[in-house]
Amino acid sequence: MRTYIFTDRERRILEAFLTGKPVDRIKLSKIMHRIRKYQMLFDDTYLYLRVRKTMTTDTV
Numbered sequence: 024m025r026t027y028i029f030t031d032r033e034r035r036i037l038e039a040f041l042t043g044k045p046v047d048r049i050k051l052s053k054i055m056h057r058i059r060k061y062q063m064l065f066d067d068t069y070l071y072l073r074v075r076k077t078m079t080t081d082t083v
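Numbering of the sequence shown is given in my numbering, commencing with residue 24 and proceeding in unit increments.
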């Protein structure tokens with residue numbers, strides 16, 4: 024299993040975008056394109072969150 028979805032650089036770009044700071048629109052566009060294109064990222068993230076939730080409420 025991989026240990027991350029975004030690189031440190033991508034995280035900085037996305038955090039800046041979400042907080043309204045100026046970002047390189049081309050780099051942001053590339054990240055957003057991949058987010059839209061790869062549906063499995065969303066599915067895997069949702070599955071990960073569901074599993075993590077059970078870990079906090081149950082003893083695994």
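Backbone N, C-alpha and C define an ideal beta-carbon position, used for all residues, glycine too.
- Look at V46 here: in three-state DSSP terms it is coil, with no helix or strand label.
- The DSSP-derived three-state label of F40 is helix.
- Here I36 is buried: its Cβ has 16 or more other Cβ atoms, across all protein chains shown, within 10 Å.
- In this structure, L64 lies near I58, with their beta-carbon atoms less than 8 Å apart.
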